[in-house]
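*Asks:*
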Amino acid sequence: MTSATICRQEDATRDVACVHAYRILLVITEPHQEQYLREYAYALAKSQSADIGVLRDYQHRDNAAPCCRIELPVDGGSGVMAVREPQADKGLAARIQEIAASWPFDMLIAKWPNTDEDVAVHARVVKDINVTAVLVRHSDRALRRIVVPAGGGAHALEGIRVADALAKAWSLDAQVLRIVQPSHDFWLRRADLKRRCRHIRDAARLYVDVADVSMPVKVRLGSDVADEITCRSRPGDLIVIGGSSQWLMENHASASIPSRVAAGASGPVMMVLTNRGRPSALTDVFWDRTVRVRLPATGKLEAVEALVDALIEGRQVPAVRRDEIVSAVMNRERAGVTYIGNGTAIPHAALRGFRGLTGMLGVFTEGIPFGKAEDEKARFVFLLLTPKESYEVYLPILARIARFMNEADNRLHLAQAESSGEVVELLARAEREWRTGDH
-4 MTSATICRQE DATRDVACVH AYRILLVITE PHQEQYLREY AYALAKSQSA DIGVLRDYQH
56 RDNAAPCCRI ELPVDGGSGV MAVREPQADK GLAARIQEIA ASWPFDMLIA KWPNTDEDVA
116 VHARVVKDIN VTAVLVRHSD RALRRIVVPA GGGAHALEGI RVADALAKAW SLDAQVLRIV
176 QPSHDFWLRR ADLKRRCRHI RDAARLYVDV ADVSMPVKVR LGSDVADEIT CRSRPGDLIV
236 IGGSSQWLME NHASASIPSR VAAGASGPVM MVLTNRGRPS ALTDVFWDRT VRVRLPATGK
296 LEAVEALVDA LIEGRQVPAV RRDEIVSAVM NRERAGVTYI GNGTAIPHAA LRGFRGLTGM
356 LGVFTEGIPF GKAEDEKARF VFLLLTPKES YEVYLPILAR IARFMNEADN RLHLAQAESS
416 GEVVELLARA EREWRTGDH
């Protein structure tokens, strides 16, 4: 989370005004949850002076007196709370949506659900009202460190942001943990695996960089991701992990990696679900004006300048911001590697006062040294520019670029393309295949 207000966007292409301070809703289903859930809420609200509302819904719990009450801060009330009874005969999801209709909030914090059905309730709420959910499996152990297992995607990146906010509020060390599953011929191809681990670490650092967070990244080998995470946790660790796919969260959450980690870990575990970074097509960002082929360049700066100049030529960014954009991109390059393997680099910058996501794909005639090793050169360079206040717009495109470039045939056809139109058709064909295969 940033210190600036994060606005929910109904349309990624439309500028939506911020109408309220950051808001957090606590969902309390048993009385004993309130103390520890408030501790998490206060920590996450600290950097933003967020308003905190409470939904108490004990009525379906046999071990607690029936209670269903909503307490919401009064705007400008300096701690004054408005208390009301929700409409009768509604389930938990409906009560949460009732609150969102009159008091739009950004984050929901609740106890980690006991059943798949209850997890599905929160997953659907996240999707339907476009909020972030933080689900906590509590432990009374003193915290010493925060570990963030991250595989990629919107849930993982939001988990990094949440972990960073907690680490700062509680003065704890934090690190990102990426588990790599070696292939069956591991011992025969150790050199290739070492290179792959380095690329995965650099890709994870790219996510940390996009989140505007400073956090070390550790890459470890493990045949089972969930088991490896629990085995590597220490007493005093808080594990903050992004949720799995929407389908798994809604239909079979107990089989997901987060649920298996929560079942096996001895300390507290937090799962983060978000609807930020909803999928967008590659062709929404890369089209005939934002693709260039057969570009000449010998160095990183020359390549970045060529891509920024192409954006200016295509009237995608104003010429008066050229030097600012080039400088911002190169500063990011000096801070961390943006080479992700497969001859691909994703240089990027977050700019204040910038609107939407703008990209330029450059296919270069020769490899540009974007990686650390001498032979880690990028012919395919995806430049991304986004507002500094809205990191989440990176997410769907980062995932789709990686998915597209993992296919050797796609890289071959990109290298052979003679026009931007050929590249756009290649991207569009991949999107059509994904839509068919994902349904």
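Position 376 of the sequence shown, counted from 1, bears residue number 371 in the working numbering, the numbering being contiguous throughout.
Glycine included, every Cβ here is placed at the ideal spot set by N, Cα and C.
Here's the rule I'm using: 16 or more other beta-carbon atoms within 10 Å means buried, otherwise exposed. How should L452 be labelled?
*Replies:* With the chain covering only -4 through 434, there is no way to say anything about residue 452.
*Asks:* From the DSSP secondary-structure annotation, give me the bridge partner or partners of R64.
*Replies:* As a position in the sequence shown, residue 64 is number 69, starting the count at 1. Answer is R51.
*Asks:* Quick one: measure Cβ to Cβ for L87 and V131, integer angstroms, because I've assumed they're closer than 8 Å.
*Replies:* The sequence position of residue 87 within the sequence shown is 92, counting from 1. The sequence position of residue 131 within the sequence shown is 136, counting from 1. In fact, because the Cβ distance is near 16 Å, the residues do not count as touching under 8 Å.
*Asks:* Are the beta-carbon atoms of V321 and E300 separated by less than 9 Å?
*Replies:* Here residue 321 refers to the residue found at position 326 of the sequence shown. Here residue 300 refers to the residue found at position 305 of the sequence shown. Yes.
*Asks:* So which of A38, E93, L39, I141 has the shortest CA-CA distance to I65?
*Replies:* Working through the sequence shown from its first residue, we reach residue 65 at position 70. The residue with the shortest Cα to Cα distance from I65 is E93.
*Asks:* Excluding the five sequence neighbours on either side, which residues of its own chain have a C-beta within less than 7 Å of the C-beta of S249, listed in chain order?
*Replies:* For the purposes of this step, residue 249 is taken as the residue at position 254 of the sequence shown. Contacts found: D111.
*Asks:* Assign G294 to buried or exposed, taking buried as 16 or more other Cβ atoms, counted over all protein chains shown, within 10 Å of its Cβ.
*Replies:* Here residue 294 corresponds to residue number 299 of the sequence shown, with the count starting at 1. When all chains shown are included, G294 counts as exposed.
*Asks:* With Y31 as the anchor, note down where its alpha helix (DSSP H) starts and where it stops.
*Replies:* The residue you call residue 31 lines up with position 36 of the sequence shown. Start and end: 28 to 40.
*Asks:* In the structure shown, what three-state DSSP assignment does L352 receive?
*Replies:* Translated into the one-based positions of the sequence shown, residue 352 becomes position 357. The answer is coil: DSSP assigns L352 none of H, G, I, E or B.
*Asks:* Which term fits E413, buried or exposed, when burial requires 16 or more other beta carbons within 10 angstroms of its beta carbon?
*Replies:* Taking the sequence shown and counting its residues from 1, one reaches residue 413 at position 418. Classification for E413: exposed.
*Asks:* For the beta strand (DSSP E) that contains D232, what are its first and last residues?
*Replies:* In the sequence shown, the residue the question calls residue 232 occupies position 237. That run of the beta strand (DSSP E) goes 232 to 237.
*Asks:* With DSSP as the reference, please indicate the residues paired to L346 in a beta bridge.
*Replies:* Stepping through the sequence shown from its first residue, residue 346 is reached at position 351. Per DSSP, P382.
*Asks:* With distance defined between alpha-carbon atoms, name the residue in M400, W429, H150, L409 nearest to G336.
*Replies:* Locating residue 336 in the sequence shown gives position 341, where the first residue counts as 1. With distances taken between Cα atoms, G336 lies closest to M400.
*Asks:* Can you tell me where the alpha helix (DSSP H) holding Q170 begins and where it ends?
*Replies:* Numbered from its first residue, the sequence shown carries residue 170 at position 175. Q170 -> not in any alpha helix (DSSP H); beta strand (DSSP E) instead, spanning 168 to 175.
*Asks:* With T127 as the anchor, note down where its beta strand (DSSP E) starts and where it stops.
*Replies:* As a first step, residue 127 is located in the sequence shown; it is residue number 132 there, counting from the start. First-last of the beta strand (DSSP E) with T127: 127 to 132.
*Asks:* Across which residues does DSSP place T339 in a beta bridge pair?
*Replies:* Stepping through the sequence shown from its first residue, residue 339 is reached at position 344. G336, F375, per the DSSP bridge assignment.
*Asks:* Is it buried or exposed, L409, if we count other Cβ atoms within 10 angstroms and call 16 or more buried?
*Replies:* Stepping through the sequence shown from its first residue, residue 409 is reached at position 414. With 16 or more Cβ atoms within 10 Å of its Cβ, L409 is classed as buried.
*Asks:* Per DSSP, D46 forms a beta bridge with which residues?
*Replies:* As a working note, residue 46 is residue 51 in the sequence shown. In DSSP, D46 forms a bridge with R18.
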